[in-house]
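Shown next, in structure tokens, is the structure this report addresses.
Protein chains in written order, with our numbering: chain A, 16 to 283; chain B, 555 to 821.
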């Protein structure tokens with residue numbers, strides 16, 4: 016099967032600092048790929064490359080056969096409606112009601128009659144469980160409701176790819192679990208390719224078909240849930256077993272301290 | 555010495571980068587402006603423009619009028635205290651009318667709009683950047699320049715000249731009140747003098763200035779918002795920077811325009 020997203024030798028640098036080190040990944044149509052990793056591992060940077068918000072130093076990201084890292088802005092504009100994105104902060108427009116937020120891409124990219132748009136907006140909101148909250152402003156919603164509103168807006172144009180950045184971050188376990196179920200429901204109902212960036216293990220193992228785990232800008236494992244669970248890579252084990260890296264390297268800290276004391280004695 | 559040269563060089567490059575960014579933004583906005591126009595543009599963009607006109611123009615009306623009335627009084631009183639000594643009190647009318655039409659009306663309006671709306675543009679766009687709203691526009695294949703900037707710029711181009719006219723009239727009325735209370739000069743006589751002393755070229759030069767000031771305020775405010783990096787603290791810094799830079803640039807532009815008009819537009 017032709018992958019819907021292909022990442023080849025992707026290198027990203029900010030101010031000369033390398034964030035992503037030659038990543039390669041292929042995502043099949045209809046699969047749920049979870050990008051897992053700790054803070055600062057490069058998950059969100061990779062996500063911004065996949066959705067075409069930034070251009071890499073080298074390498075490429077191909078979405079539905081279009082190299083979005085080297086294409087023209089016009090070509091990128093054509094690809095974008097096939098990717099729905101829900102950001103970590105939800106990023107709903109505070110000046111618009113929830114239903115206007117969801118209606119925005121429909122009003123801008125389609126010539127549908129207002130009554131049809133209203134109906135479609137209600138359907139999208141109903142799918143995420145916000146059918147009765149469309150008139151409210153984003154600031155009147157709880158954190159979980161805002162995230163669901165962002166998912167509804169991401170679904171507005173019926174994208175083939177749904178990208179979710181830290182959907183359960185900052186939510187209580189029950190609301191986070193509800194969002195996981197919503198993601199599973201969306202995948203089952205619309206057969207979309209879902210990419211989820213998260214560091215929440217229960218969420219990742221609940222929704223993923225495959226997991227790609229990042230550590231310091233490199234994939235340390237890419238595989239099914241079971242393959243990741245049984246991985247013997249030390250960084251994967253630290254992450255899954257929740258062992259702090261600094262604690263794991265306590266001996267090296269002691270060695271550094273001894274070296275420092277020795278250098279002080281030598282100086283005296 | 556090398557450090558000083560390096561610092562001056564860096565500063566120069568940064569300033570040139572800023573001016574270049576302003577230019578690029580201005581041209582992109584002009585290209586996107588047709589979408590914000592009524593009838594031929596996008597309906598929702600025109601609605602956003604009308605909303606901005608109300609915020610920039612209508613809501614600033616009391617403040618701008620009051621500032622102009624106070625300044626009109628001050629100018630008339632200061633002028634009268636000197637001109638009275640030479641028996642030329644009637645020249646206070648020329649001073650207030652011409653001064654406001656050519657200079658004070660546009661300048662006072664620009665300073666008020668810069669403080670109110672320039673800072674609001676920077677804060678709004680900066681917050682949108684921090685909360686990823688600008689990114690969400692891009693991923694929905696909507697250009698922030700077209701969606702956010704074009705309505706604001708068009709609204710400023712409509713509101714600032716209108717406010718300038720009102721500010722000028724308020725200042726002139728304040729001068730008339732002063733003349734009435736100090737010399738019992740009848741208001742109708744005062745306005746006849748005003749019409750005799752103000753020419754069409756004075757009105758046009760004032761309006762040209764107001765259009766230029768609207769451009770500066772809208773673009774500096776929006777650029778400061780787009781240049782926000784990091785968290786909410788940088789939104790505060792960009793807001794302050796928007797007011798400082800736009801006020802400074804308005805005064806510089808005013809000096810340039812006044813010089814050009816002084817040498818080219820002669821009675």
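The C-beta atom is built at its ideal place from N, Cα and C for all residues, glycine as well.
Checklist entry - Near residue 36 of chain A, which residues of its chain fall below 7 angstroms by C-beta distance, leaving aside the five closest residues on each side in sequence? => result 26, 232, 233, listed in sequence order.
Checklist entry - If we call anything under 8 angstroms between Cβ atoms a contact, is residue 198 of chain A one with residue 51 of chain A? => result no
Checklist entry - Is there a Cβ from chain B that is less than 8 angstroms from the Cβ of residue 104 of chain A? => result Under the Cβ distance rule, residue 104 of chain A counts among the residues neighbouring chain B, one pair being separated by less than 8 angstroms.
Next on the checklist: So if DSSP puts residue 226 of chain A in a beta bridge, which residue, or which two residues, is it bridged to?
Outcome noted: Answer by DSSP bridge pairing, in chain order: A/49, A/238.
Next on the checklist: Between the region 211-225 of chain A and the region 174-183 of chain A, can you find at least three pairs of beta-carbon atoms closer than 8 angstroms?
Outcome noted: yes
Checklist entry - Any chance the region 762-774 of chain B sits against the region 662-677 of chain B, with 3 or more Cβ pairs inside 8 angstroms? => result yes
Checklist entry - Does residue 619 of chain B come within less than 8 angstroms of chain A when only Cβ atoms are used? => result no
Item to check | Neighbouring residues, chain A, relative to residue 612 of chain B (Cβ below 7 angstroms) | outcome: Going along chain A, no residue has its Cβ under 7 angstroms from residue 612 of chain B, so there is no contact; the nearest lies around 17 angstroms.
Item to check | is_contact[residue 719 of chain B, chain A] using C-beta, thresh 8 angstroms | outcome: No - not a single Cβ of chain A is within 8 angstroms of the one on residue 719 of chain B.
Item to check | residue 40 of chain A - partner residues in DSSP beta bridges | outcome: A/22
Checklist entry - Helix or strand or just coil, what does DSSP make of residue 233 of chain A? => result In this structure, residue 233 of chain A counts as strand in the three-state DSSP scheme.
Checklist entry - Under 8 angstroms, do residue 646 of chain B and residue 733 of chain B count as touching if we go by C-beta distance? => result yes
Checklist entry - Going by alpha carbons, who is nearest to residue 610 of chain B out of B/788, B/706, B/631, B/767? => result B/706
Checklist entry - DSSP on residue 814 of chain B, reduced to helix/strand/coil? => result If DSSP states are grouped into helix, strand and coil, residue 814 of chain B belongs with the helices.
Checklist entry - Can you list the residues of chain A that residue 685 of chain B reaches, using a CB-CB cut of under 7 angstroms? => result 104, 106
Item to check | Identity of the residue in B/681, B/693, B/812, B/798 nearest residue 788 of chain B by Cα | outcome: B/681
Item to check | Contact check, residue 678 of chain B vs residue 779 of chain B, beta carbons under 8 angstroms | outcome: The beta carbons of residue 678 of chain B and residue 779 of chain B sit closer together than 8 angstroms.
Checklist entry - Quick one, which of B/786, B/801, B/688, B/696 has its alpha-carbon nearest residue 662 of chain B's? => result B/801
Checklist entry - What's the gap between the Cα of residue 250 of chain A and the Cα of residue 24 of chain A? => result Their backbone Cα atoms lie some 22 angstroms apart in a straight line.
Checklist entry - So, helix, strand or coil for residue 679 of chain B, using DSSP? => result helix
Checklist entry - Given that residue 503 of chain B touches chain A, what residues does it touch there, using C-beta distances under 7 angstroms? => result Residue coverage of chain B in this structure runs from 555 to 821, which leaves residue 503 of chain B outside it and unanswerable.
Checklist entry - Going by beta carbon distance, what residues of the same chain come within less than 8 angstroms of residue 124 of chain A, once the five residues before and after it are set aside? => result So the list reads 96, 172, once near-sequence residues are dropped.
Next on the checklist: Residues of chain A with CB closer than 8 angstroms to the CB of residue 707 of chain B, please, in chain order.
Outcome noted: Per Cβ cutoff of 8 angstroms: no residues; residue 707 of chain B is ~18 angstroms from chain A at best.
Checklist entry - Leaving out the 5 sequence neighbours to the left and right, which residues in its chain are closer than 6 angstroms to residue 618 of chain B when beta-carbon positions are compared? => result In chain order, 663, 666, 717, 721 place their CB closer than 6 angstroms to the CB of residue 618 of chain B, counting only its own chain and leaving out the 5 sequence neighbours on each side.
Item to check | Span of the beta strand (DSSP E), counted from its first residue to its last, around residue 74 of chain A | outcome: 73-78
Item to check | Neighbour-count burial assignment, residue 114 of chain A, 16 or more Cβ in a 10 Å radius | outcome: buried
Checklist entry - CA-CA distance, residue 739 of chain B and residue 620 of chain B? => result 23 angstroms
Checklist entry - For a contact meaning CB atoms closer than 7 angstroms, what does residue 122 of chain A contact in chain B? => result 598
Checklist entry - So what's residue 697 of chain B in DSSP terms, helix, strand or just coil? => result coil
Checklist entry - Residues of chain B with CB under 9 angstroms from residue 100 of chain A, in chain order? => result Chain B residues near residue 100 of chain A: 689, 690, 693, 694.
Checklist entry - Name the chain B residues that come within less than 7 angstroms of residue 96 of chain A, Cβ to Cβ? => result 695
Item to check | Spatially closest choice to residue 59 of chain A from A/42, A/104, A/94, A/86, by CA coordinates | outcome: It is A/104 whose Cα lies nearest to the Cα of residue 59 of chain A.
Checklist entry - At a Cβ threshold of 8 angstroms, is residue 92 of chain A touching chain B? => result yes
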